[in-house]
Amino acid sequence: ANPIRIGVVGYGNLGRGVENAVAKNPDMVVAGIYTRRDPAQLKPLFEGTPVFSMADLDSHADRIDVLVLCGGSKDDLPVQSLALAAKFCIVDSFDTHARIPEHFAAVDAAAQAGQTTALISAGWDPGMFSINRIMGEALLPDGATYTFWGKGLSQGHSDAIRRIPGVAGGVQYTIPVEAAVEAVRSGTRPALTTRQKHERHCYVVLAEGADAETVRQAIVTMPHYFDEYDTTVNFISAEELKEQHSAMPHGGFVIRSGNTTEQNKQVIEYRLQLDSNPEFTSSVLVAYARAVHRMKQCGMTGAKTVFDVAPGWLSPKSAEQLRKEAL
Ligand code: NDP
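If you want it as structure tokens, here you go:
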């Protein structure tokens, strides 16, 4: 069979991750990277991966099976997903949870009109965690679901720190509180407050002349981001920030605990421990691109989410092979 031809839209962390992930899937190739910047200035991971301008995409429809959209959720995807779904099958990682219904509706209209298949909000949260939440609820209706994030670098909270006057650089890690995770694992269904579930650890480089205590206060009292959490602030040098805090680890747990009878507790746990959040997210997007290609071939068009995709479609193996090897 011909390899599935993937177009990568946007070349940031996820864009590089998709190029890397496709190389691990022999049934796929990167047909091109498409960027809004000058393509001549971008250096792909692999020599030979073609880089084009976004303006070229329109005339490349016959070279591409699925576009993987790697733009940011805040400003890029609300524009790019709709525009591109009108003509291409797409996968995106839109992760602004509260706005997923409206994003779905807008992308669905474009995909219906263009008879394309458009999978939105793939990745790990939303994505793999979402699947595990609904599985837990469906299998154990008498129960409670808990999501813990971390240890992980939170981009949004790191950005919030960096906007504080007197801060020259910084990162923030979200850390699940071990005692809370253990309580949930015990199956006792504890009621946990925000503060009891996660801690926030900040590593901050002070700007010249800035006062450490003033900066610390500004961080720990910041509404929504930090005030509801136990937050620790560590001041470090610019060198240490670069050397120790440049990776993007993340992960977490989805735990469902429930009872099938009064005496019998059942606990389900799904865990991710990721050295690189974007490389893992991209690996998920690429597996879903394979499913999207198959769904399009079966005539299943319109917007979809991970809830609409059968697990077998993610695998490069045939249904027959999977029945024999994996059941
Ligand atoms: P980046 O900021 O690295 O990239 C976003 C876009 O910005 C790129 O597509 C690129 O577009 C542009 N860009 C990248 N680098 C530069 C640069 N140096 N200068 C100018 N422009 C640049 O974002 P990420 O790849 O880290 O994340 C993308 C989105 O993925 C996030 O917004 C997040 O919402 C989502 N995500 C979802 C997850 C999930 O589990 N569902 C998990 C992780 C992330 P162009 O090439 O066109 O300029």
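Every position in the sequence shown, counted from 1, becomes a number in the numbering used here once 3 is added. Even for Gly, the Cβ is constructed at its ideal location relative to N, Cα and C. Since we're looking at a predicted model, the values are computed, not measured.
1) Quick one, which of 308, 51, 313 has its alpha-carbon nearest residue 121's?
2) For residue 205, which beta-bridge partners are listed by DSSP?
3) State buried or exposed for residue 100, treating a residue as buried only when at least 16 other CB atoms are found within 10 Å of its CB.
4) Starting from residue 307, trace the alpha helix (DSSP H) both ways and give me its first and last residue.
5) Who are the Cβ neighbours of residue 152 in its own chain at under 8 Å, not counting the five residues just before and after it?
6) For residue 15, write down the residues that DSSP places opposite it in a beta bridge.
7) Return yes when the Cβ of residue 23 is within less than 8 Å of the Cβ of residue 318, no when it is not.
8) Shortest alpha-carbon distance to residue 16 belongs to which of 58, 279, 111, 306?
9) Which residues does DSSP list as the beta-bridge partners of residue 269?
10) Out of 6, 70, 228, which has the shortest C-alpha to C-alpha gap to residue 292?
11) Which residue from 197, 31, 26 puts its Cα closest to that of residue 295?
12) Does the stretch 269-276 touch the stretch 92-110, meaning 3 or more C-beta pairs lie closer than 8 Å?
13) Ordered along the chain, which non-local residues of its own chain (more than five positions away) have a Cβ less than 8 Å from that of residue 250?
14) Please specify which runs of the alpha helix (DSSP H), each continuous and at least 4 residues long, are wholly inside the stretch 111-188, giving them in chain order.
15) Give the DSSP bridge partners of residue 37, in chain order.
16) Between the alpha carbons of residue 171 and residue 215, how many angstroms are there, rounded?
The structure says:
1) The residue among 308, 51, 313 with its C-alpha nearest the C-alpha of residue 121 is 308.
2) Answer is 175, 236.
3) A residue is called buried once 16 or more other Cβ atoms fall within 10 Å of its Cβ, and residue 100, having fewer, is exposed.
4) Secondary structure note for residue 307: it is in no alpha helix (DSSP H), and the uninterrupted beta strand (DSSP E) holding it is 305-307.
5) 128, 177, 179, 201, 253, 254, 255.
6) Partner(s): none; residue 15 has no beta bridge.
7) No.
8) The residue from 58, 279, 111, 306 with its alpha-carbon nearest to that of residue 16 is 279.
9) For residue 269, which the question treats as bridged, DSSP gives the partners 261.
10) Nearest C-alpha to residue 292: 70.
11) Of all alpha-carbon atoms in 197, 31, 26, the one lying nearest the alpha-carbon of residue 295 is that of 31.
12) Counting C-beta pairs with one atom in each stretch, the stretch 92-110 and the stretch 269-276 have fewer than three that are closer than 8 Å, which means they do not touch.
13) When the five nearest sequence neighbours on each side are left out, the beta carbons in the same chain lying within less than 8 Å of the beta carbon of residue 250 are those of 156, 278, 279, in order along the chain.
14) As far as the stretch 111-188 is concerned, its whole alpha helix (DSSP H) runs of at least 4 residues are 131-142, 158-165, 181-188.
15) Under DSSP, residue 37 shares a beta bridge with 12, 55.
16) C-alpha separation (whole angstroms): 12 Å.
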